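Student: Position in the sequence shown (first residue = 1) + 237 = the working numbering.
All C-beta atoms, glycine included, are put in the ideal place defined by N, C-alpha and C.
All values derive from a computational prediction rather than experimental measurement.
Pasting a structure here, questions to come.
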Amino acid sequence: MSVREQHYEAAAKLLAEHHPSTDSHSDTYWQGYLDAVAWHLAGQPGSYESYYRYTPGMVSRDAWAYGWVSGQQFAAQIG
238 MSVREQHYEA AAKLLAEHHP STDSHSDTYW QGYLDAVAWH LAGQPGSYES
288 YYRYTPGMVS RDAWAYGWVS GQQFAAQIG
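Okay, here's the thing in structure tokens:
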């Protein structure tokens, strides 16, 4: 199964329910978080190395990767 729009919609709903205020982190962080949860919902592996959206060595990549790790931790809790 591939990651599809419905996985992102479900992930966005979970994010809104469990993290109603996203002011605590950057948009890039929350994109990584959303990506991780959507991938989890689609049954994809938990590794993000092949999915980086940003250039290595850039702050945006670090923020996205931090969001991804946090999203994976959340996804593990929801099952």
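With a floor of 4 residues, list each alpha helix (DSSP H) that falls wholly inside the segment 255 to 280, ordered by position along the chain.
Tutor: If we require 4 residues or more, the alpha helix (DSSP H) runs fully inside the segment 255 to 280 come out as 264 to 278.
Student: Whose C-beta lies closer than 7 Å to the C-beta of Trp267 among residues of the same chain, with five residues either side of it excluded?
Tutor: Within the sequence shown, residue 267 is the residue found at index 30, counting from 1. Correct list, in chain order: Thr259 and Gly304.
Student: So, is Gly308 buried or exposed, given that buried needs 16 or more other C-beta atoms within 10 angstroms?
Tutor: Locating residue 308 in the sequence shown gives position 71, counting from the first residue. Buried, because 16 or more other Cβ atoms sit within 10 Å of the Cβ of Gly308.
Student: What span of residues does the alpha helix (DSSP H) with Val306 cover, start to end?
Tutor: As a working note, residue 306 is residue 69 in the sequence shown. Start and end: Val296 to Ile315.
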